[in-house]
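The structure appears below as structure tokens.
Numbering (the numbering used here), first residue to last: 6 to 258.
Shown next, in the form of structure tokens:
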């Protein structure tokens, strides 16, 4: 039931944000973790569903950028993709070497640089493979955590978009998991028997985002309804009510 639940949430995100259209060839950035592996699998299932019931043809392509972290074996993932008729590519990179050169003074890696390099590498390979869209597995919890990170450390209310066009790379970037929580993803990947590759990144689990995850989990335990309400908050524009300074009004006139 959990895989069907996630597919239903992908369907809702697709309808609400117009994520996928006829003829799309969508590259899925695959790190090897549960989120990206489930997204690849679910989009392959969704590909078959929309073709069968909506007569809309889309293609799904998995792309893994080899970051250079040690002891990450993708042989089971490659075999899994073959069994499920999923096109899958692994691409060499020197991202880890770059990260070590640009590390912080204490030797820790800069996650923001890693994210940009990885995203850019996936999009670059997607274009080479004639894909017109790139999908990443950022989910509802990621979106809520981003909102709180921006509020606490940036003094602004903002999170990432479910869909955006990147003008520099001329690529449409989508996030089909925006309505799916991590708990749904964990249940679904276990149910489907999807192989995952544990990250050997030295920064895994030691970031501000992890701190935010723990803070939010404590809120959810105390106020269980807050989880769905925080997700609703991200697209509840009719109920948006913030201060407006007179100077901002004057600038608009």
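Think of the CB as a built atom: it goes at the ideal place given N, C-alpha and C, for glycine as much as any other residue.
key: DSSP-derived helix/strand/coil call for residue 74   = coil
key: Anticipated Cβ contact below 8 Å, residue 98 with residue 72, distance rounded   = 6 Å
query = Pairing CB atoms from the segment 153-161 with CB atoms from the segment 57-72, are three or more of them under 8 Å?
reply = no
request  = Could you please give me the residues that DSSP links to residue 168 through a beta bridge?
outcome  = 179
ask   = Touching or not, the segment 215-233 and the segment 130-150, by the rule of three or more beta carbon pairs under 8 Å?
value = yes
inquiry  = Short of 8 Å in beta carbon distance, which residues of its chain neighbour residue 27, apart from the five on each side in sequence? Order them along the chain.
reply    = 61, 62, 63
inquiry  = With a threshold of 8 Å, are at least 3 pairs of Cβ atoms found where one atom belongs to the segment 167-183 and the other to the segment 82-90?
reply    = no
task = Look at the alpha carbon of residue 52 and the alpha carbon of residue 36, and state the distance between them as a whole number of angstroms.
result = 21 Å
inquiry  = If I measure Cβ to Cβ from residue 96 and keep anything under 8 Å in the same chain, skipping five residues before and after, which residues do I get?
reply    = 68, 69, 70, 71, 126, 130
inquiry  = For residue 246 and residue 234, I'd like the C-alpha separation in whole angstroms.
reply    = 16 Å
ask   = With 16 other CB atoms within 10 Å as the buried threshold, where does residue 139 fall?
value = buried
query = Any idea if residue 168 is buried or exposed, counting beta-carbon neighbours within 10 angstroms, 16 or more meaning buried?
reply = buried
query = Using CA coordinates, which residue listed in 186, 203, 204 is at the minimum distance from residue 12?
reply = 186
query = Which one of 15, 38, 22, 197 has the shortest CA to CA distance from residue 205?
reply = 38
inquiry  = Going by the DSSP bridge assignment, what does residue 97 pair with across the sheet?
reply    = 71
task = Output the residue ranges of the beta strand (DSSP E) runs that lie fully inside the segment 105-147 and measure 3 residues or longer, sorted by chain position.
result = 138-140
message = Can you find the residues in the same chain that come closer than 6 Å, C-beta to C-beta, to residue 194, ignoring five residues on each side of it along the sequence?
response = 39, 43
query = So, helix, strand or coil for residue 38, using DSSP?
reply = coil
Other residues of its chain near residue 135: CB distance less than 7 Å, five sequence neighbours each side excluded = 30
request  = Can you give me the Cβ contacts of residue 56 inside the same chain, cut-off strictly under 8 Å, excluding the 5 residues immediately before and after it?
outcome  = 62, 63
query = So, is residue 146 buried or exposed, given that buried needs 16 or more other C-beta atoms within 10 angstroms?
reply = buried
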